[in-house]
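Novice: For my numbering, count along the sequence shown from 1 and bump the result up by 759.
We treat Cβ as the ideally placed atom computed from N, Cα and C, and that holds for glycine.
The model shown is predicted, which means the values in this text are computed figures rather than measured ones.
Sharing a structure, written as structure tokens. Questions coming.
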Amino acid sequence: MSVTLNDLTPIGLCIATEDLFDAKRFVQNFCDNLLLRARDQQLEPLITSLKRELNNPVVQKKFFDGYKAILLDNIDKILSLVSGRYSRINLKAVESIVKEGRELMRKILLANNFLEVSELHSTFKSKVFLPTYQLFLASIKG
Numbered sequence: 760m761s762v763t764l765n766d767l768t769p770i771g772l773c774i775a776t777e778d779l780f781d782a783k784r785f786v787q788n789f790c791d792n793l794l795l796r797a798r799d800q801q802l803e804p805l806i807t808s809l810k811r812e813l814n815n816p817v818v819q820k821k822f823f824d825g826y827k828a829i830l831l832d833n834i835d836k837i838l839s840l841v842s843g844r845y846s847r848i849n850l851k852a853v854e855s856i857v858k859e860g861r862e863l864m865r866k867i868l869l870a871n872n873f874l875e876v877s878e879l880h881s882t883f884k885s886k887v888f889l890p891t892y893q894l895f896l897a898s899i900k901g
């Protein structure tokens with residue numbers, strides 16, 4: 760059985776979302792490829808200014824709210840895809856992922872800073888990502 764990009768969407772979202780949970784790396788390494796390697800002369804001044812703001816605790820709140828919004832939206836999409844695609848494979852596992860994912864979303868909404876969100880990384884990995892991956896593997900085995 761071949762695997763399509765559509766089949767990989769839940770796992771791809773999990774991988775991208777997991778990477779975002781490393782908030783310290785997200786803030787410190789923001790667009791480093793462009794700034795340090797590619798050296799795009801048009802984008803570099805704009806990105807540098809944005810990166811300074813991102814690392815400034817006084818204005819960091821606006822970035823934090825957007826960061827949380829992206830995490831929440833990704834998790835919502837993951838839960839929707841898991842429910843729609845894997846319920847026939849293992850309904851109990853899907854229900855657990857959805858329950859844990861919603862609780863994780865609640866904790867993200869209540870988080871006050873990047874550090875509090877990054878502390879939720881292991882929960883995302885163990886309660887959402889890895890069970891989703893197991894369901895994905897079961898789905899491709901048919």
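Measuring alpha carbon to alpha carbon, tell me which of Leu809, Thr763, Val853 ends up nearest serine 736.
Specialist: The question about residue 736 has no answer, for the chain in this structure spans 760 to 901.
Novice: Along the chain, which unbroken stretches of the alpha helix (DSSP H) at least 4 residues long are found entirely within the segment 769-857?
Specialist: Runs of the alpha helix (DSSP H) inside the segment 769-857: 782-787, 803-813, 819-845.
Novice: Can you tell me which of the three DSSP states alanine 870 falls into?
Specialist: In the sequence shown, the residue the question calls residue 870 occupies position 111. Three-state DSSP puts alanine 870 in coil, outside helix and strand.
Novice: Check each candidate in Val841, Asp791, Asn792 and name the one with the smallest Cα separation from leucine 767.
Specialist: The residue given as residue 767 occupies position 8 in the sequence shown. The residue with the shortest Cα to Cα distance from leucine 767 is Val841.
Novice: Counting Cβ pairs, one atom from each stretch, are 3 or more of them under 8 Å apart for the segment 845-852 and the segment 814-827?
Specialist: The segment 845-852 vs the segment 814-827: no contact.
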